[in-house]
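These protein sequence lines are chains A and B, in that order. Just add 87 to the spot in the first sequence (first one is 1) and you have our numbering. Just add 87 to the spot in the second sequence (first one is 1) and you have our numbering. Since the structure comes first, as structure tokens, the remarks are kept for the end.
There are 2 protein chains.
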Amino acid sequence: MPEKRYTVRFEPDGVSIDVYREAENLLRLAMVAGVHVNASCGGAGTCGKCKVKILQGENRSAPSSKLSDADWEHGYRLACQTEVLGDLVVEVPVESRYEKDVLARKLTRATEEHVLAEARLDAEYALEKSDPAVVRYYLELSPPAEDNNVSDMGRIGHALKKEFGIPRITPDYSVLRSMSTTLRDRNWAVTATVCRTRGGHRLTRVEAGDTRDATYALAVDIGTTTIHAALLDVNTCEEVVRAADYNSQISLGEDVITRIVQALKPGGLETLQKRAVKTMNGVLSECFEKSGVTPDAVTHAVFGGNTTMTQLFLGLNPKYIREAPYVPAANFFPLFRPAELGVALPADVLGYAMPCVASYVGGDITAGVLATGIHLHPQLTLFMDVGTNGEIVIGNQDWMVSASASAGPAFEGGGVKCGMRATFGAVEQVRINRANFEPMILTIGQVKPKGICGSGMIDCLAEFQDAGVISQNGKINRELAARTPRIREGDTGWEFVLAWKDETQLDSDLVVCEPDIDNLVRTKASIYAACSVLLKSVGLHFDDLEKIIIAGGFGRYIDVEKAMTIGLLPEVKPEIVSYGGNTSLLGCRMAALYQDKVEEAETIATMITNIELSASNIYMDEYVAALFLPHTRMEEFPVRAERLKATREALMQ
Amino acid sequence: MPEKRYTVRFEPDGVSIDVYREAENLLRLAMVAGVHVNASCGGAGTCGKCKVKILQGENRSAPSSKLSDADWEHGYRLACQTEVLGDLVVEVPVESRYEKDVLARKLTRATEEHVLAEARLDAEYALEKSDPAVVRYYLELSPPAEDNNVSDMGRIGHALKKEFGIPRITPDYSVLRSMSTTLRDRNWAVTATVCRTRGGHRLTRVEAGDTRDATYALAVDIGTTTIHAALLDVNTCEEVVRAADYNSQISLGEDVITRIVQALKPGGLETLQKRAVKTMNGVLSECFEKSGVTPDAVTHAVFGGNTTMTQLFLGLNPKYIREAPYVPAANFFPLFRPAELGVALPADVLGYAMPCVASYVGGDITAGVLATGIHLHPQLTLFMDVGTNGEIVIGNQDWMVSASASAGPAFEGGGVKCGMRATFGAVEQVRINRANFEPMILTIGQVKPKGICGSGMIDCLAEFQDAGVISQNGKINRELAARTPRIREGDTGWEFVLAWKDETQLDSDLVVCEPDIDNLVRTKASIYAACSVLLKSVGLHFDDLEKIIIAGGFGRYIDVEKAMTIGLLPEVKPEIVSYGGNTSLLGCRMAALYQDKVEEAETIATMITNIELSASNIYMDEYVAALFLPHTRMEEFPVRAERLKATREALMQ
């Protein structure tokens with residue numbers, strides 16, 4: 088054991104960690120200590136997110152353009168650029184802290200809103216009758232006798248065939264090892280758990296007595312940012328409880344690209360795999376605690392995630408997802424035992440991962456299509472899952488095309504100076520007084536603001552546009568600096584002060600600056616351009632869309648009118664737009680309850696043609712055309728064109 | 088760590104072991120020390136096999152009827168009945184020692200002799216063309232490109248389908264985890280190992296480059312006494328090398344019943360499982376060393392064993408094999424990964440265990456039928472596998488019945504005073520001078536005798552009978568005591584001295600006594616009665632038999648004429664009797680090389696109707712009738728009847 092050199096205490100958590108090496112990296116220590124510090128560039132010093140305040144102690148830190156002079160004066164350093172040279176007391180600033188409670192709040196709101204997807208589940212199935220791929224059968228066997236001494240396994244196999252029409256069943260070895268004792272426990276009355284697959288039937292568990300009453304399944308959405316799980320009562324088809332938490336992979340990078348980079352470091356894949364599982368175990372444990380259901384009562388689990396999240400969870404090398412021409416290890420995944428991956432479920436619970444379409448269109452999208460039923464109806468539908476990434480599917484019962492827009496994390500607070508996730512203290516709505524340009528802001532949880540979230544940025548930008556604070560190219564109207572102190576030139580260019588320092592939880596003014604706006608414009612442009620390319624690839628136009636479904640954690644907060652104002656969404660009749668909610672979780676839920684939905688999911692994944700935007704020769708043109716508010720082709724936004732004209736006229740007065 | 092009390096040294100191995108408990112059991116110590124001492128009753132003190140000589144030191148030992156007064160005087164004790172009270176020096180007598188070399192000798196002899204079974208393999212297949220269930224395919228894939236960016240797994244799947252017509256393949260997770268790197272190792276040239284099963288195709292390995300040249304499979308016969316393995320070159324169908332060793336489970340009991348009893352003790356199953364694997368690993372390691380083949384070149388392995396051996400190897404509770412109505416855990420076994428059982432093979436090598444018929448008719452018999460082709464021809468065939476147990480199959484292409492005779496270990500030297508296995512020093516042939524009753528004996532290895540093996544006992548009994556030394560009820564002719572000192576009344580009843588003490592490696596005369604003869608008579612009676620019951624069950628007689636195949640390690644040493652003389656075999660034309668050799672290993676070899684043989688084996692196991700002799704109402708009558716030399720119904724042995732008449736007349740003179 089090496090000698091201890093220093094101690095670092097992280098505030099306000101009060102977590103301390105011993106340091107054994109001279110000049111140990113502070114971000115690394117925070118990770119080991121389990122203290123969350125935002126870090127979206129993986130420790131490269133480029134994102135500037137891992138800002139911490141050194142309250143006390145000796146350290147050596149590289150200067151960074153991400154820190155203002157005032158920051159440096161106040162003791163702010165980038166954790167990833169700081170080496171520990173003595174006992175330290177470090178404060179993790181509010182913007183790095185997660186408040187898990189907000190997830191529950193979001194879920195409540197979501198439940199009210201995702202009318203569409205739940206509706207499909209309601210409409211297409213009599214909810215009291217499930218037909219899952221994993222089924223429990225109750226058997227009352229006749230005990231062995233001289234004239235009937237087939238093997239224990241043969242006895243179960245014959246009964247399953249005779250009573251339930253199940254042909255040739257293959258037992259798991261775990262069953263063969265325990266079965267003989269179990270059969271004799273309650274006088275040859277047993278419950279057999281059978282997984283029905285294309286390749287045959289598999290016997291995964293034999294329990295004494297009749298255990299059918301308590302039969303549960305799990306649906307798990309493995310998001311880049313959050314992991315959601317729903318515990319389902321297989322007998323009633325009810326969702327018993329739902330829980331969620333932030334994916335603890337976040338501290339190793341905020342987006343899939345950074346995670347892939349991390350995964351390629353020695354031991355990286357294993358670390359990321361374990362982190363996802365750790366978060367998942369917490370979420371599952373919450374489900375079990377809240378419901379009183381025991382893990383033993385679970386027979387199977389369905390997992391949905393984007394391609395990277397799925398590969399990381401399954402321990403598959405994600406390297407080539409990131410390298411052109413962007414090839415995943417696999418799009419279809421064999422059944423697995425989650426317990427072997429570290430998931431806290433009984434060893435014989437089977438897991439199924441939703442099939443993926445391509446490197447950047449994953450199982451969450453397949454699940455989303457399954458949940459929303461795009462593939463079943465004639466209407467031309469645009470499905471957008473806007474989260475950490477932006478995935479798009481356009482199609483109907485006959486065909487579907489998909490694309491992934493390199494949306495970037497702007498909607499999740501990334502690349503935005505005062506950006507943050509949609510948790511307490513995030514500005515989510517903004518109104519600008521047309522006379523004096525004073526803002527009215529509303530935060531999540533209605534507490535003092537500490538940043539602005541993605542939907543807040545859309546709201547803000549639309550309002551800036553309508554109020555004339557910014558022009559159509561996203562630049563702040565410098566002339567207005569004479570009319571309000573909120574418009575000024577700051578460290579990072581021109582900015583608008585949404586809240587003065589003393590009104591916030593921050594050590595500085597809460598601003599939206601031009602680079603923030605540029606970031607958001609690029610993001611919305613990439614999504615709009617992706618939709619445009621997809622439509623053109625099949626010879627259609629935005630006018631042809633009969634339905635738009637916005638899914639994903641972020642999507643549900645978008646104000647449709649505002650999204651059209653900035654040109655994130657095309658200008659369509661608002662009533663054709665609906666929210667899907669967490670369609671990934673919902674699709675997993677359907678696959679967990681209905682066997683035929685598993686096959687349907689595989690059909691969907693096969694049916695979708697993915698278009699690689701980087702290989703499209705019109706994408707760049709479309710993208711550049713969309714780098715305008717709402718768009719260069721104003722004829723696509725007639726209502727907004729009218730309104731902008733009015734704004735300009737008002738400002739002239 | 089408790090304090091060391093004593094040390095026990097075992098001679099002639101010179102192995103020492105420290106003793107930490109007062110009055111520790113000597114047999115237990117021998118086991119821990121890895122010193123082999125025969126023990127067929129598992130330590131109950133009833134078999135008398137674990138005789139050792141205490142050369143020095145304090146001990147406490149229970150007296151035993153298995154030890155003569157002279158034995159006791161000379162320091163002989165039953166190890167299982169002896170407690171250690173001081174430092175001991177213990178000599179393990181020669182009859183307890185194994186000499187592994189003899190297995191190689193037996194194999195050489197076997198190779199010459201098992202003409203029949205090898206013949207089938209030669210005749211039915213062009214030996215240079217294998218068609219195993221596990222196949223390697225070489226693929227030269229086109230690298231991913233913008234217009235061809237299916238997943239890595241999809242690329243392999245498409246190529247396998249297009250080039251080799253393999254539909255829908257399911258990869259193992261181990262493949263998914265390593266494949267992406269492997270594919271890019273040698274510019275997308277890979278070898279895919281595919282297992283073709285009824286339930287679909289499974290991808291078990293992907294290797295860089297073309298590895299087809301070195302492709303091997305293993306056939307492993309897990310016998311109660313010995314474990315044999317053959318390394319097969321899949322490309323040439325040749326057996327590259329064969330190796331064998333004594334199953335180290337032996338020290339926990341000589342027959343399957345004792346092993347089952349041991350398995351039911353706490354930790355017993357695990358211990359037995361590990362012991363079988365330990366021996367197997369030694370045998371495999373010998374195969375690899377001798378051939379220079381590396382374990383990486385092995386793609387699959389086929390295992391054959393009786394039901395108990397199979398269950399112990401796979402870690403399945405054998406409890407109910409032993410309890411009426413004798414139910415095995417399973418007769419058909421899913422594919423498994425031997426490495427997960429501890430077998431020293433790469434993790435992705437697949438294992439297949441030969442299907443069993445019933446608790447006492449196992450995968451070795453199924454393999455035997457497969458190897459000898461009984462199920463393919465119209466001739467009525469009797470198949471006898473006489474080893475530690477005696478299993479019988481009668482039938483042809485239309486039907487087959489089987490039974491297991493509780494033969495007991497008499498043929499392996501069990502229950503016979505000077506009995507021993509067929510290793511160096513075992514008497515294997517006996518001739519008696521008709522005038523003075525002096526014997527001429529021949530031992531294996533032609534060394535000084537140290538016991539008599541099973542085939543030696545048959546030889547001896549037949550000769551005793553022909554010479555008039557014993558009568559038809561197996562009793563020694565007391566009147567002859569007057570004509571030779573070799574016939575006398577000993578500690579255990581009347582006996583015949585085959586060799587005087589100073590001619591042997593023993594501390595006493597080498598004798599065959601009446602209880603030995605009784606044992607052998609009971610054994611042969613149970614086998615003959617089993618055949619008789621099987622034939623009667625289908626309305627046939629011994630006359631109807633067109634072919635008799637004797638298989639098993641012991642079978643190949645039987646002199647057919649002698650076996651008929653004692654009534655072990657029915658009196659048939661000697662030319663219809665043939666030796667099968669190790670048909671279990673041969674059947675495994677066929678299943679390893681030919682996919683259709685795997686299915687054929689499953690058909691055989693399903694096709695055979697097992698008859699439980701203990702439930703037969705004629706078995707006891709048949710058994711009692713067979714407790715006579717050669718048989719009570721002398722009309723079934725007309726040649727022997729003539730000869731006996733001549734013997735009696737000669738003795739009268």
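Idealized CB from N, CA, C, for every residue including glycine.
Query                                                                                                                  : Result
Test: A:PHE390 CB closer than 8 Å to a CB of chain B                                                                   : no
Cross-strand partners of B:SER103 (DSSP beta bridge)                                                                   : B:ARG96
Inside the region 682-715 of chain A only - alpha helix (DSSP H) runs reaching at least 4 residues                     : 682-694 and 706-712
Classification of A:ASP523 by the beta-carbon crowding that lies within 10 angstroms, buried from 16 upward            : Checking the sequence, you will find Asn at residue 523 of chain A rather than Asp. Under this definition A:ASN523 is an exposed residue.
7 Å Cβ cut-off: residues of chain A touching B:TYR413                                                                  : ASN236
Opening and closing residue of the alpha helix (DSSP H) in which B:LEU672 lies                                         : 670-680
6 Å CB neighbourhood of A:THR719 in its chain, flanking five on each side removed                                      : ALA712
Start and end residues, beta strand (DSSP E) containing B:ASN606                                                       : That residue, B:ASN606, is in no beta strand (DSSP E); its alpha helix (DSSP H) goes 601-624.
Proximal residues, the region 250-275 of chain B versus chain A, C-beta separation under 7 Å                           : THR257, PRO258, TYR260, LEU263, ARG264, MET266, SER267 and THR268
Per-residue DSSP class, three states only, for A:MET59                                                                 : No information on residue 59 of chain A is available, as it lies outside the stretch 88 to 740 that chain A covers here.
B:GLY438 at chain A interface by Cβ criterion, 8 Å                                                                     : no
Where B:ASN418 meets chain A, residues with beta-carbon distance less than 7 Å                                         : SER238 and GLY241
DSSP three-state assignment for A:ILE253, whether helix, strand or coil                                                : coil
Proximal residues to A:ALA120 (C-beta, below 6 Å), its chain only, five neighbours per side dropped                    : VAL102 and ILE104
Test item: CB-CB of A:ALA384 and A:ALA316 under 8 Å                                                                    : no
Near-chain A residues of the region 394-407 of chain B (beta-carbon distance less than 8 Å), N- to C-terminal order    : LEU401, GLY402, LEU403, ASN404, LYS406 and TYR407
Segment contact flag, the region 400-416 of chain A with the region 465-484 of chain A, C-beta cutoff 8 Å, min 3 pairs : no
Length of the line joining the Cα atoms of A:ALA304 and B:GLY450                                                       : 38 Å
Chain B contact for A:LEU190 (CB, 8 Å cutoff)                                                                          : Because A:LEU190 sits at a pLDDT of 49, beneath the cut-off of 50, its placement in the model cannot be relied upon, and the point is left open.
Interface positions of the region 692-722 of chain A facing chain B (Cβ-Cβ less than 9 Å), listed along the chain      : ASN697, GLU699, SER701 and ALA702
Local conformation of B:GLN516 per DSSP, three classes                                                                 : strand
Pick from B:GLU590, B:TYR333, B:ASN564 and B:GLY477 that is closest to B:GLN533, judged by C-alpha positions           : B:GLU590
Beta-carbon separation (whole angstroms), B:ALA638 vs B:GLY455, contact threshold 8 Å                                  : 5 Å
Minimum length 4: unbroken alpha helix (DSSP H) runs contained in the region 270-352 of chain B                        : 343-350
Element boundaries [alpha helix (DSSP H), containing B:ALA458]                                                         : 450-459
CB contact check: A:ALA232 to chain B, cutoff 8 Å                                                                      : yes
B:ARG730 at chain A interface by Cβ criterion, 8 Å                                                                     : no
For A:ILE645, the three-state DSSP class (helix, strand or coil)                                                       : coil
Listed by chain order, chain B residues near A:PRO442 by CB distance under 7 Å                                         : Those do not exist, as A:PRO442 stays about 10 Å from chain B at its closest Cβ, beyond 7 Å.
Any 3 or more C-beta pairs closer than 8 Å across the region 699-717 of chain A and the region 651-662 of chain A      : yes
The ligand GDP heavy atom lying under 7 Å from the CB of B:ASN418                                                      : As for the ligand GDP, it is missing from this structure, which has no ligand bound.
Cβ shell of A:ILE691 (< 7 Å), same chain only, five flanking positions each side left out                              : THR453, VAL456, LEU457 and HIS462
Any C-beta of chain B under 8 Å from that of A:GLY286                                                                  : yes
Helix, strand or coil at B:ASP472 [DSSP, three-state]                                                                  : strand
CB contact check: A:PRO421 to chain B, cutoff 8 Å                                                                      : yes
Chain E within 8 Å of B:LYS216, Cβ atoms only                                                                          : As a matter of chain content, chain E is missing from the structure shown, whose protein chains are A and B.
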